[in-house]
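Data first, discussion second: the structure below is written as structure tokens.
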Amino acid sequence: MEAAALLELKGVTKRFGGVAALNGVSATVAKGEILGVIGPNGAGKTTLLNCVSGVYKPDAGDIKWQGQSITGLAPHRVARLGIGRTFQIVKPFGSMSVRENAAVGALFGSGEARRGPKEAFKDADRVLEVVGLRAKADLPVTSLTIPDRKRLEVARAVATQPKLLLLDEVMAGLNSVEVDEALDMVRAVHATGVTVVLIEHVMRVIVGVCTRAIVLDFGQVLAEGEPEVVLRDERVIQAYLGERYAKRLKG
Amino acid sequence: MQNGSKAEPLLQVRGLTAGFGAGPVLFGIDLEIGQGELIAIVGANGAGKSTTLGTLSGLVAATSGSVTFSGRDVTNARPEAIVKAGIAHVPQGRRLFGTVSVEKNLRLGAYVRRDREIDADLARVLDYFPALKDKLTREAGTLSGGEQQMVAVGRGLMAKPKLLMVDELSLGLAPKVVDRLIDVMKEINAAGTALLLVEQDVLVALDVADRAYVLENGRIVLSGKASELKDDPGVRKAYLGL
Chain A
0 MEAAALLELK GVTKRFGGVA ALNGVSATVA KGEILGVIGP NGAGKTTLLN
50 CVSGVYKPDA GDIKWQGQSI TGLAPHRVAR LGIGRTFQIV KPFGSMSVRE
100 NAAVGALFGS GEARRGPKEA FKDADRVLEV VGLRAKADLP VTSLTIPDRK
150 RLEVARAVAT QPKLLLLDEV MAGLNSVEVD EALDMVRAVH ATGVTVVLIE
200 HVMRVIVGVC TRAIVLDFGQ VLAEGEPEVV LRDERVIQAY LGERYAKRLK
250 G
Chain B
0 MQNGSKAEPL LQVRGLTAGF GAGPVLFGID LEIGQGELIA IVGANGAGKS
50 TTLGTLSGLV AATSGSVTFS GRDVTNARPE AIVKAGIAHV PQGRRLFGTV
100 SVEKNLRLGA YVRRDREIDA DLARVLDYFP ALKDKLTREA GTLSGGEQQM
150 VAVGRGLMAK PKLLMVDELS LGLAPKVVDR LIDVMKEINA AGTALLLVEQ
200 DVLVALDVAD RAYVLENGRI VLSGKASELK DDPGVRKAYL GL
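Here the protein sequences line up with chains A and B, keeping their order.
Reading the first sequence from the start, the letters are residues 0 to 250 in numbering that gives the first Met the number 0.
Reading the second sequence from the start, the letters are residues 0 to 241 in numbering that gives the first Met the number 0.
Shown next as structure tokens:
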């Protein structure tokens, strides 16, 4: 497992003003896993994704992708290396169809994935099939419900043909049944050989699909391990889950 | 009226139809909220939950049907008149003024009020949410998601509503924070304010509510005591994934 680390973070620190949003975070992501990142609001989860995807430049520390440092690379260069991501607030191109939106990902994707328009549309259809939006490919994005917009956000990222996909709360605002459908989507993407890191507050997701979980608190790693074990950790209950939720998980 | 007489509900909605350019989203909604009740609306994304709240707030035009609040017809009244009548709306995604201080965001909730109890109500809001006390001068956009939701609920309370409508209290929040906010919802309700919660976490909603309505494709398909809906096989399958 250790030899196959796709992504390696060492002492990654990011400050905003006087506040360290990330304070020396070290972690690895192994090829083929689905890693869940959880923790209180403001713990640094999205900042972590932003550092990896090049949106932010860390103030200290190093980020290695397949053994090579990518610290401080621009976002489009990180994407071309094979790291795809979604954003919490989805922003599809409003005047375009679902298929056209997905095709944008294929047009501007990772090194091997960059396509001419014709192939990009073919890729878009393939990706829409994976995320379950094929039947809605010709609709304007404005007609999509929230869960479908989140599916499209995933489709756009998957169309870049990433080796690693970073998902930032793609299941917030979904009810339990919609979450289960979204989990099937994550499994389908994962089954195509994509390693996944996802941020979620929905424990149904963490327990349902993640092979490992990392808990961030105040910009530091509080705990990590198998989801079932991590969610029973007393420190995690104190900082994040709360007593009522811990009881619900047990029952 | 004073003691929550069942004959005259606080809010009465009859045959409400509403929507946007593309056609109706709501097809004849009937619902009732009694004085001091805690009511939940549950349903899938796109079912019309937020549109229902928007229509009650005067943000979305009703094309037919009626909304009666405290005995007054407020159908298609202007939003500020509806706030004055006693309905406050905490919108999905908080919608705070991010570069404005927490205190100003809270005080904006009292914009339509002209009484002298605004400072006392601000103190009451801070009693509900002590975490905001030392953050009053901070820009609201710099707070954590949970704290921002506290500000959004607090801003709604500053209107001194008889009915507080909260859209997606739990959205994107850590479980422990949701717990705390749900406790505060119960406290607010116990102090006499009726609550209408639209909630994606159906289990949380049915745990806390007195009664609930299930909305599907713009129609109420089921309603009843929350405790009974929680055991309804259809609800368990369709919304709880059990």
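Note that the Cβ used here is the ideal one computed from N, Cα and C, for glycine as well.
From a predicted model like this one, the values you see are computed outputs, not experimental measurements.
- Taking 8 Å as the threshold, the shortest C-beta distance from Lys132 of chain B to chain A does not fall below it.
- Residue pairing by DSSP places Val213 of chain B opposite B:Val41, B:Leu221 in a beta bridge.
- Taking the C-beta atoms as reference points, Val165 of chain B is found no nearer than 8 Å to Ser175 of chain A.
- Bounds of any beta strand (DSSP E) do not take in Leu143 of chain A, whose DSSP letter is neither H nor E.
- Against chain B, the CB of Ser175 of chain A has a partner CB under 8 Å away; the residue lies at that interface.
- Residue state for Pro226 of chain A is assigned as helix, using DSSP reduced to three classes.
- Taking CB atoms only, Asp179 of chain A has a neighbour in chain B less than 8 Å away.
- In the structure shown, the three-state DSSP call for Gln147 of chain B is helix.
- At least one beta carbon of chain B lies nearer than 8 Å to the beta carbon of Tyr239 of chain A.
- In the three-state DSSP reduction, Phe96 of chain B falls in the coil class, being neither helix nor strand.
- When DSSP states are grouped into helix, strand and coil, Gln237 of chain A belongs to the helix group.
- Excluding five sequence positions before and after Ser52 of chain A, the CB atoms of its chain that fall closer than 8 Å to its own CB belong to Pro74, Val77, Ala78, Ile82, Arg84, Leu165, given in chain order.
- One finds nothing in chain B with a Cβ atom closer than 8 Å to the Cβ of Ala134 of chain A; even the nearest lies about 15 Å away.
- Contact between the region 10-27 of chain A and the region 181-199 of chain A is not established, with fewer than three Cβ pairs separated by less than 8 Å.
- Its chain contains Leu132, Lys135 as the residues whose beta carbon lies nearer than 7 Å to that of Asp147 of chain A, once the 5 sequence neighbours on both sides are disregarded; these appear in chain order.
- Rounded to whole angstroms, the separation of the alpha carbons of Ile145 of chain A and Arg125 of chain A is 21 Å.
- For Phe68 of chain B, the secondary structure class from DSSP, reduced to helix, strand or coil, is strand.
- The alpha-carbon separation between Val177 of chain B and Gly115 of chain A amounts to approximately 47 Å.
- Residue contact with chain B for Met184 of chain A: absent (no Cβ-Cβ distance below 8 Å to any residue of chain B).
- Distances from the alpha-carbon of Gly93 of chain A to those of A:Thr194, A:Ile62, A:Glu152 put A:Glu152 closest.
- Per DSSP, the continuous alpha helix (DSSP H) segment holding Ile117 of chain B begins and ends at 117-127.
- Counted as a single uninterrupted DSSP element, the stretch harbouring Met164 of chain B is not any alpha helix (DSSP H) but the beta strand (DSSP E) occupying residues 162-166.
- Residues of the region 41-54 of chain B with a C-beta atom less than 7 Å from some C-beta of chain A are Ala43, Asn44, Gly45, listed in chain order.
- Gly66 of chain A and Tyr110 of chain B have their C-alpha atoms some 57 Å from each other.
- Annotated as distal: Lys48 of chain B and Val213 of chain B, with beta-carbon spacing of 8 Å or more.
- Proximity of Gly218 of chain A to chain B, defined by a Cβ-Cβ separation below 8 Å, is not satisfied.
- Among the residues of chain B, those whose CB is under 7 Å from the CB of Pro146 of chain A are Asn44, following chain order.
- Where Lys13 of chain A is concerned, the enclosing beta strand (DSSP E) starts and stops at 4-15.
- Using a 10 angstroms sphere on the CB of Phe19 of chain B, the tally of other CB atoms stays under 16, which defines it as exposed.
- Cβ-Cβ distances below 6 Å link Val185 of chain A to Val208 in the same chain, with the five nearest sequence neighbours on each side left out; the list follows chain order.
- DSSP places Leu34 of chain A outside any alpha helix (DSSP H); the residue lies instead in the beta strand (DSSP E), whose first and last residues are 33-37.
- Around Pro90 of chain B, the same chain offers Asp166 as residues with beta carbons nearer than 7 Å, after the five sequence neighbours per side are excluded.
- Under the DSSP assignment, His88 of chain B falls in the beta strand (DSSP E) whose first and last residues are 86-89.
- Judged by beta-carbon spacing, Thr136 of chain B lies within the 8 Å limit of Glu102 of chain B, meaning their Cβ atoms are closer than that value.
- Taking 7 Å as the Cβ-Cβ cut-off, the region 174-206 of chain B approaches chain A at Pro174, Lys175, Val176, Asp178, Gln199, Val201, given in chain order.
- In chain order, Val176 make up the part of chain A whose C-beta sits under 7 Å from the C-beta of Ala237 of chain B.
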